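Everything on this sheet refers to the single structure shown next.
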Amino acid sequence: MKTPLLSVHALIFLACALAMSAAAAEPALDTRAGPVQLHPVEHASFVMEWNDRTIYVDPVGPVSAYAEHGAADVLLLTHPHGDHLDTETLAGLDLDGATVIMPQSVADEIDGDFGADQRIMANGDTLSVAGMEVRAMPAYNLPPSEDAYHPKGWGNGYVLTLADKRVYISGDTEGIPAMRALEDIDLAFVCMNLPYTMDVDQAADAVADFEPAIVYPYHYRGQDVADFKRQVNERTDAVEVRLGDWYPE
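Quick note on numbering: the sequence shown equals residues -24 to -1, 1 to 225 in mature numbering (1 follows the signal peptide of the UniProt record, and there is no 0).
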């Protein structure tokens, strides 16, 4: 008896959905100070919970999408493009006790609003806050140009040191030397979408260079993340590629 094609497709969809659900229930990373729980929201927006701290990254979209996560302790903003900075979203979040970390380009846009404790970081700066170390990383298009979507020095990526583990958030960038030179990254979030950042091939090549223990593709609307996973796996067996639900229907 032949299985109807529609049923096969339905089973594949269900298997993928169950796998993503199971992955969401498991910690993204274990640290000496407790697990890191990851909550993808959409595209470039996500929330991490660690050591009784809640970390928001580039929150945009409906405030209701963040209601279950409560007040932010740390808010990381990478740059002022609309899919990373939404002042209406920020106005609806509880940021009273948050440390808001951003590049100067974002500070120019929000003009002192949204949180009393604001920290402006340039590429290469470090600070300690809420029990973690934050390092601002370069994030820009190649070749560097003032006319690029993301000029050098305009936006930030971030490396967070959470107890004994290191987390890299790429922001909008290509496979720049600073990314490829990273070492001892336990968890990475790497962007990929043309024409704004890099394609799947460049992202896979860069990830194979710095070999994070775990990588999540994010900010990938319309890109083939299954191909990204395949390419990374072909280049190195040191990286676990995980696929999160970044585009809920």
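Virtual Cβ for every residue (Gly too), placed ideally from N, Cα, C. None of the values given here were measured: they were computed from a predicted structure.
Local conformation of residue i per DSSP, three classes
i    : result
I86  : helix
V39  : helix
V183 : helix
P224 : coil
N209 : helix
H15  : strand
Q94  : strand
L66  : helix
DSSP beta-bridge partners of residue i
i    : result
Y125 : Looking at the DSSP assignment, Y125 forms no beta bridge with any residue, so it has no partner.
A214 : DSSP, once it has assigned bridges, lists no residue as partnering A214.
G10  : T7
Q143 : The residue asked about is misnamed: residue 143 is Val in this sequence, not Gln. According to DSSP, which records beta bridges pairwise, V143 is partnered with L136 and L163.
M113 : G133
I77  : L52 and R95
M108 : V105 and L138
I190 : L163 and E216
Residues near residue i in its chain [Cβ-Cβ closer than 7 Å; skip 5 each side]
i    : result
M113 : N99, N132, G133, Y134, V135 and A154
D160 : R142
D59  : H19, A20 and V36
Residues near residue i by beta carbon distance below 6 Å, same chain, minus five either side
i     : result
V217  : V191, K205 and V208
H126  : Y116, N117 and D148
D101  : A112
S(-4) : The pLDDT assigned to S(-4) is 44, lower than 50, so where the model puts this residue is not dependable, and the model offers no usable value.
Q94   : V76
V17   : A41
C-beta atoms of residue i and residue j nearer than 9 Å
i    : j    : result
A189 : L163 : yes
V33  : V110 : no
V166 : V183 : yes
A9   : N27  : yes
Validate contact between the stretch 140 to 154 and the stretch 50 to 57 using beta carbons, cut 8 Å, 3 pairs
yes
Please determine if the stretch 15 to 23 and the stretch 124 to 144 are in contact, where contact requires at least 3 C-beta pairs separated by less than 8 Å.
no
Counting pairs of Cβ atoms below 8 Å between the stretch 166 to 181 and the stretch 37 to 44, do you hit three or more?
no
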